[in-house]
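Quick notes on the structure that follows.
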Amino acid sequence: MNLRLALLFFPVYLGASTYLQADCLAGSEVAENADVALFAQTHYVHKQNSLWQIDGQNPFAANNIYNDLGVKFSSGCSLIDNTLDLHFSLYGLTYYPTRQVGKFEEDNSRSRALIDQLQVTYSVTGNIQLEGGKIRARPGLFFLRSPASLLSSYYGGFKPTRFYDPAMQAAYAETFWGGRLSQEGGDYALGITVVPELARIDKRYISSGNWSASQRANSAERYLLSYTDYRLENHAPSVNVLLGATRSVAFSDSYTYTPQFVMSAELALHTSQQWRHFSAEKAAEVMDWEFPSSLYERRDKKGIELAIGGQYTSERFSVVGLEYYFQSEGYSQSAWRQQTDFVKKLNTPTHYDFLDRAFDSYKYLMGAEINNTGNQGMLQGKHYVNVYSSFQMRHGAKLQPYLTVNMMDGSAMPGVHFSSVLERIDQKLEMYTGAYTALGKQDSEFAIFGETLGVYLGFKYHL
-11 MNLRLALLFF
-1 PVYLGASTYL
9 QADCLAGSEV
19 AENADVALFA
29 QTHYVHKQNS
39 LWQIDGQNPF
49 AANNIYNDLG
59 VKFSSGCSLI
69 DNTLDLHFSL
79 YGLTYYPTRQ
89 VGKFEEDNSR
99 SRALIDQLQV
109 TYSVTGNIQL
119 EGGKIRARPG
129 LFFLRSPASL
139 LSSYYGGFKP
149 TRFYDPAMQA
159 AYAETFWGGR
169 LSQEGGDYAL
179 GITVVPELAR
189 IDKRYISSGN
199 WSASQRANSA
209 ERYLLSYTDY
219 RLENHAPSVN
229 VLLGATRSVA
239 FSDSYTYTPQ
249 FVMSAELALH
259 TSQQWRHFSA
269 EKAAEVMDWE
279 FPSSLYERRD
289 KKGIELAIGG
299 QYTSERFSVV
309 GLEYYFQSEG
319 YSQSAWRQQT
329 DFVKKLNTPT
339 HYDFLDRAFD
349 SYKYLMGAEI
359 NNTGNQGMLQ
369 GKHYVNVYSS
379 FQMRHGAKLQ
389 PYLTVNMMDG
399 SAMPGVHFSS
409 VLERIDQKLE
419 MYTGAYTALG
429 KQDSEFAIFG
439 ETLGVYLGFK
449 YHL
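Numbered according to the working numbering, the sequence shown terminates at residue 451, and the numbering increases by one at each position without gaps.
Set out below in structure tokens:
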């Protein structure tokens, strides 16, 4: 407990005590280091009929156009030269749909502020740092899902739309309040991260974007110990140990076969489930008119995650990568079918208004639980393949096609993204566009909310 408080509050206390001496917050240094970006995007979505019905109707709009606007403001300054630094990054987001959204697409508010980073860094020595505030978990080696990334958090954006600029992906994953002590040397890196519990998740029947920031990232007490070794030629093995509300250990390594081709692997061992699973026992209670408060739970059941992959980078810095991911706690085909079959039972009219309303409430709950599992960065099957690429084009343009496939039910998410700086107009203006799809049967993972086609066009301008 004392270590947790020290890591979390010491840099903040030290920064406050030196505020009057270092006037970085007066404005000049913050303005000099500021990055202000304006975002504007138009996003068209088409959805086929889904498995779900609320009051006998599909709870998703068949066609809609969303107009998204956003602003980013980030900066930093030195509170004490070469000793104490402040960094922060803030977002303001809003959207407007041209048509009424479906029942499963409603948000509490169409405007939102996100604190992506609010961090004080104290340099204890040349290679030892103490960080405190709202900080970001360090990423793993994989795009689809990194088993070694043990500090997960939930998505903080809107339900029906979001900005598809790749730089926004990290901003949507809620950062946690906590502290980190790290040592970086030529031979190794060592870190201790403390994440205190600041809130409890009490409304699992709504999307994580409508929770508080503390619920999304600080709903459990966690301690992460990490070590990476750089002494092995062409290898960078690391180990992460998670303690607290859940316990896990993860191993990862990247092998540089050639300067252009890198192979990676991550393995995680867990003492309990990482996400909430559908309970057939609780579903049976509903059919027996007992009406439990929840249909999902996490059990103390051991599990394994594995990811392996390779990435090739050309001389022109184009990238092609292939990843395979496995998790033992993913639904089997029969367990997944129990969940979807129960939705079909709840769709059957009883001709009693109070029962139909109760069944609709359970469908809201189930839809939110399934959605929030994805919002946590988790997948729900066992075997996946992810293919991605990034092709460098003229004038700094990028073309980025990708494909993710659930190998058990055959559902897939193919898409393509294109971005380019509009130099002829203004070098600070960037345009991006793309399309994504979710394909599969109505009861498959990626199409469980309906087969989807999305097309977007956006602009980002740095002031």
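C-beta atoms are modelled at their ideal positions from N, C-alpha and C, and glycine is treated no differently.
Bear in mind the structure is a predicted one, so any value in this text is a computation, not a measurement.
Which stretch, first to last residue, makes up the beta strand (DSSP E) that contains residue i?
i	result
G355	Unbroken run through G355 is the alpha helix (DSSP H), D341 to N363; no beta strand (DSSP E).
N115	Here N115 belongs to no beta strand (DSSP E), and DSSP marks it neither H nor E.
V182	Y176 to V183
Y160	Careful: Y160 lies outside any beta strand (DSSP E), inside the alpha helix (DSSP H) at Q157 to Y160.
A238	S236 to T246
R168	F164 to E172
H383	Element bounds for H383: n/a, residue is neither H nor E.
S252	F249 to H258
T458	Nothing in the structure corresponds to residue 458, since the chain is present only between -11 and 451.
Could you have a look at residue i and say whether DSSP puts it in helix, strand or coil?
i	result
P225	coil
Q456	Outside the displayed span of the chain (-11 to 451) sits residue 456, for which this structure offers no information.
A10	Here the model assigns A10 a pLDDT of 49, short of 50, so the residue's position is not dependable, and the following value carries that caveat. A10 falls in the coil class under three-state DSSP.
S202	helix
V274	helix
R126	coil
P402	strand
E209	coil
G428	coil
S302	coil
A268	helix
S196	helix
Looking at the unbroken alpha helix (DSSP H) that takes in residue i, where does it start and where does it end?
i	result
K333	Q321 to N335
N21	S16 to N21
V393	Unbroken run through V393 is the beta strand (DSSP E), K386 to N394; no alpha helix (DSSP H).
List the whole-angstrom C-beta distance separating residue i from residue j, where the pair is believed to meet the contact cut-off of C-beta under 8 Å.
i	j	result
N37	G403	Not confirmed; about 22 Å, so no contact.
S207	I194	Not quite, the Cβ-Cβ distance comes to about 14 Å (not below 8 Å), so this is no contact.
V393	A423	With 8 Å as the limit, V393 and A423 do not qualify as a contact, their Cβ atoms being about 17 Å apart.
L441	T425	5 Å
L72	V108	7 Å
S399	G428	3 Å
A224	T216	6 Å
P85	N52	5 Å
F164	A125	7 Å
A25	Y449	7 Å
S316	G291	5 Å
R264	E357	6 Å
G179	E209	That belief does not hold up - the Cβ atoms of G179 and E209 are roughly 18 Å apart, past 8 Å.
L129	S240	6 Å
F48	E93	6 Å
Taking a contact to mean a Cβ-Cβ separation below 8 Å, would you say residue i touches residue j in this structure?
i	j	result
A435	S407	no
G90	N46	yes
D153	F279	no
Q326	A272	no
N96	G64	no
E285	A295	no
M401	L410	no
L78	D43	no
Y218	G167	no
F305	Q380	yes
H371	M395	yes
L244	N222	Note on identity: in this sequence residue 244 is Thr, with Leu being the wrong assignment. Taking 8 Å as the Cβ cut-off, T244 and N222 qualify as a contacting pair.
Q29	F151	yes
N374	Y319	no
S214	R204	no
N360	R133	no
Y352	L283	no
S99	L81	yes
Q248	T301	yes
E433	G369	yes
L186	S170	no
Output yes if chain C places a C-beta closer than 8 Å to the C-beta of residue i; else output no.
i	result
F131	Note that chain C does not occur in the displayed structure, where there is just one protein chain.
In chain order, which beta strand (DSSP E) runs of at least 3 residues are fully inside the stretch 50 to 111? 51 to 68, 72 to 85 and 99 to 111
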